[in-house]
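Numbering (this note's numbering), first residue to last: 13 to 360. Cβ coordinates follow ideal geometry from the N, Cα and C atoms, glycine included. A quick write-up on the structure given underneath.
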Amino acid sequence: MTVTTPAVQSTRQRELELTLIYQTAQQITQLQSLSELLPHLVSEVSRTFNYSSVGVLLVDEATNELVVRETTGLEREKHLGFRVPVTDGVEGGICGWVAYHGQSFLVPDVLASPRYLRTVEATRAELGVPLKIKDKVIGVLDVQSLAVNGLTERDESILSTLASQIAIAVENARLYEELAQAHAEIQRKADQLQRLLARTVDLQEEERRRIAADIHDSVVQLIYGAMYETEGTLQRLPEDASEQGDLRNIQVSLKQAIAEIYKAIYDLWPASLDEMGLFPSLRSYMIQYEEDTGIGCRLRIQGNPIRFNPPARIALFRILQEALYNVRKHAQARKVEIILRFRMGGSR
Numbered sequence: 013m014t015v016t017t018p019a020v021q022s023t024r025q026r027e028l029e030l031t032l033i034y035q036t037a038q039q040i041t042q043l044q045s046l047s048e049l050l051p052h053l054v055s056e057v058s059r060t061f062n063y064s065s066v067g068v069l070l071v072d073e074a075t076n077e078l079v080v081r082e083t084t085g086l087e088r089e090k091h092l093g094f095r096v097p098v099t100d101g102v103e104g105g106i107c108g109w110v111a112y113h114g115q116s117f118l119v120p121d122v123l124a125s126p127r128y129l130r131t132v133e134a135t136r137a138e139l140g141v142p143l144k145i146k147d148k149v150i151g152v153l154d155v156q157s158l159a160v161n162g163l164t165e166r167d168e169s170i171l172s173t174l175a176s177q178i179a180i181a182v183e184n185a186r187l188y189e190e191l192a193q194a195h196a197e198i199q200r201k202a203d204q205l206q207r208l209l210a211r212t213v214d215l216q217e218e219e220r221r222r223i224a225a226d227i228h229d230s231v232v233q234l235i236y237g238a239m240y241e242t243e244g245t246l247q248r249l250p251e252d253a254s255e256q257g258d259l260r261n262i263q264v265s266l267k268q269a270i271a272e273i274y275k276a277i278y279d280l281w282p283a284s285l286d287e288m289g290l291f292p293s294l295r296s297y298m299i300q301y302e303e304d305t306g307i308g309c310r311l312r313i314q315g316n317p318i319r320f321n322p323p324a325r326i327a328l329f330r331i332l333q334e335a336l337y338n339v340r341k342h343a344q345a346r347k348v349e350i351i352l353r354f355r356m357g358g359s360r
């Protein structure tokens, strides 16, 4: 017959408690968001240690109040969001005192304590344990029992040990949520900026198209009109008239002006993009570029080309146009080669 002494029983009980603390801590530290962590936490503590009610109250620094963020029990919905001030006064109840002093508070008989806030009529004992990160109180773990003296200093010791792990898990979950919110906000602003940028590019291209059309319909037509006038004047003048040479020079200058204007119009809005597509337009532009600059220009396409939508087509044309402009202005190159590589998911 084996006789178990009180000391052995106490040791085994302590080992069991430490095992339960470890298992509970392991489970809660694996959860990342408060919405996952807190319900699991109060449920596990209540189940593991057989408390009638378990609640987590977190400090709202803006109002210096404790807010019930999660709890167990039949009146859970009623208590969620309940607030108590962080104060030494009785209006803060047991949890307010715990948060104010940063110390545990065990009340074996709540009916004998003026600090008890009657949130659950059947409660007879209550224990509040601070949740602290370093010396800062971030909340309170509150447990209750239906029996007078149903909570003891052993419960206080157990929960004080567990509270440090809970505080770390809560703080990590808070940081995770803040990071997730910050990431979502950055993504929202990035999407907003992308839409704004796309709209700005659209407006720029619309303005380029309008200016190109206006130049073609007004300035070019006026120059053509001047050319016809000079041609008519030449027809009326005798062939040996001294003005013939001057008028011929004027015609040459007008033709050069028209050619330069058409180049400017093409730079503003390459109509061939709509008519021929991207690659023929690029080749046409590069041929003209080579004639104008004397820089040998070659376009190579690798992979299977994809079909670009109009905004992407314009954007790519502008990128290559700007690249060639920079080559002409800064590179002092004799040859330039543009390689478009198409692969799964995009182009380079």
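Delimiting residues of the alpha helix (DSSP H) encompassing Pro-250: Per DSSP, Pro-250 belongs to no alpha helix (DSSP H) and is neither H nor E.
Met-13 burial status per 10 Å Cβ neighbour count (16 or more: buried): Because Met-13 carries a pLDDT of 48, less than 50, the predicted location of this residue cannot be relied on, and the following value inherits that uncertainty. By the neighbour-count criterion, in which 16 or more other beta carbons inside 10 Å mark a residue as buried, Met-13 falls on the exposed side.
C-alpha gap between Arg-220 and Phe-320, whole angstroms: Approximately 20 Å between the Cα atoms of the pair.
Contacting residues, own chain, Cβ-Cβ under 8 Å from Arg-310 (five flanking each side not counted): Cβ-Cβ distances below 8 Å link Arg-310 to Met-298, Lys-347, Val-348, Glu-349, Ile-350 in the same chain, with the five nearest sequence neighbours on each side left out; the list follows chain order.
Touching by the beta-carbon criterion (3+ pairs, under 8 Å), the stretch 131 to 150 and the stretch 114 to 123: Because the criterion of three Cβ pairs below 8 Å is met, the stretch 131 to 150 and the stretch 114 to 123 touch.
Three-pair Cβ contact test at 8 Å for the stretch 91 to 104 versus the stretch 122 to 135: Segments in contact, yes.
Inter-residue spacing [alpha-carbon to alpha-carbon] between Ile-270 and Ala-343: Each residue's alpha carbon lies about 29 Å from the other.
Integer-rounded CB distance, given that Pro-120 should sit under 8 Å from Ala-137: That belief holds up - the Cβ atoms of Ala-137 and Pro-120 are roughly 5 Å apart, short of 8 Å.
Three-state secondary structure assigned by DSSP to Ala-159: Looking at Ala-159 - three-state DSSP - the assignment turns out to be coil, as it is neither helix nor strand.
Contact under 9 Å by Cβ, Gly-151 with Ala-179: A contact, by the Cβ cut-off of 9 Å.
Proximal residues to Ser-96 (C-beta, below 8 Å), its chain only, five neighbours per side dropped: One point to set straight first is that residue 96 is Val, not Ser, in the sequence displayed. When the five nearest sequence neighbours on each side are left out, the beta carbons in the same chain lying within less than 8 Å of the beta carbon of Val-96 are those of Leu-69, Glu-77, Leu-78, Glu-103, Gly-104, Gly-105, Cys-107, Gly-108, Leu-129, in order along the chain.
From Glu-73, Gln-35, Thr-75, residue whose alpha carbon lies closest to that of Val-57: If you compare the alpha carbons of Glu-73, Gln-35, Thr-75 with that of Val-57, the shortest gap goes to Gln-35.
7 Å CB neighbourhood of Ile-235 in its chain, flanking five on each side removed: Counting only Cβ-Cβ distances below 7 Å, and skipping sequence neighbours, we find Leu-266, Ala-269, Ile-270.
Extent of the continuous alpha helix (DSSP H) to which Ser-45 belongs: Ser-45 -> no alpha helix (DSSP H), and no H or E assigned at all.
Cut-off 7 Å between Cβ atoms - residues of its own chain near Asp-286, not counting five sequence neighbours on either side: So the list is empty, once near-sequence residues are dropped.
Rounded separation between Thr-75 and Asp-100 - CA only: C-alpha separation (whole angstroms): 16 Å.
Span separating the alpha-carbon of Ser-169 from that of Arg-207: Separation of Ser-169 and Arg-207 (C-alpha to C-alpha, rounded to the nearest whole angstrom) is 57 Å.
Cβ neighbour criterion (16 or more within 10 Å) applied to Leu-290: By the 16-neighbour rule on beta-carbons within 10 angstroms, Leu-290 is buried.
Validate contact between the stretch 194 to 210 and the stretch 250 to 258 using beta carbons, cut 8 Å, 3 pairs: With a cut-off of 8 Å, the stretch 250 to 258 and the stretch 194 to 210 do not count as touching, because too few Cβ pairs lie within range.
Distance between beta carbons of Tyr-63 and Gln-177, contact taken as under 8 Å: No, Gln-177 and Tyr-63 are not in contact; Cβ-Cβ is about 17 Å, not under 8 Å.
Straight-line Cα distance separating Asp-154 from His-52: His-52 and Asp-154: Cα-Cα distance of roughly 15 Å.
Cβ shell of Ala-159 (< 7 Å), same chain only, five flanking positions each side left out: Cβ neighbours of Ala-159 beyond the five flanking positions: Arg-136, Ala-137.
Of the residues Ile-318, Pro-322, Met-239, the one placed nearest Ser-284, counting alpha carbons only: Minimum Cα distance to Ser-284 is reached at Pro-322.
Pro-317 versus Glu-334, Asn-338, Gly-306, Leu-352, residue with shortest Cα-Cα distance: Residue Leu-352 is the option with its Cα nearest to Pro-317.
Endpoints, the beta strand (DSSP E) within which Ile-10 is located: The requested residue 10 is not part of the displayed model; the chain covers only 13 to 360.
Alpha-carbon spacing of Ala-327 relative to Asp-214, whole angstroms: Note on geometry: alpha-carbon atoms of Ala-327 and Asp-214 lie some 10 Å from one another.
Neighbour-count burial assignment, Tyr-301, 16 or more Cβ in a 10 Å radius: Per the 10 Å Cβ criterion, buried.
Supposed contact pair Ala-175 and Leu-49 - C-beta distance, whole angstroms, cut 8 Å: In this structure, Leu-49 and Ala-175 do not form a Cβ contact; the two beta carbons are roughly 14 Å apart against a cut-off of 8 Å.
Limits of the alpha helix (DSSP H) - the one that Glu-89 falls within: Element bounds for Glu-89: 88 to 91.
Counted within 10 angstroms of its Cβ, other Cβ atoms place Ala-181 as buried (16 or more) or exposed: Buried, by the Cβ-count rule.
Beta-bridge partners of Val-152, as assigned by DSSP: Answer by DSSP bridge pairing, in chain order: Leu-69, Pro-142.
Contact test: Tyr-240 Cβ vs the ligand NAD heavy atom, cutoff 8 Å: Ligands are entirely absent from the displayed structure, and the ligand NAD is therefore not among its contents.
C-alpha gap between Gln-333 and Asp-203, whole angstroms: So the alpha carbons of these two residues sit roughly 27 Å apart.
Local conformation of Leu-246 per DSSP, three classes: DSSP places Leu-246 in helix when its eight states are reduced to three.
Selection from Val-149, Glu-303, Thr-164, Gly-257 that minimises the alpha carbon distance to Glu-183: For the residues Val-149, Glu-303, Thr-164, Gly-257, the minimum Cα distance to Glu-183 belongs to Val-149.
Contact check, Ile-313 vs Phe-354, beta carbons under 9 Å: Against a cut-off of 9 Å, the Cβ pair of Phe-354 and Ile-313 comes out as a contact.
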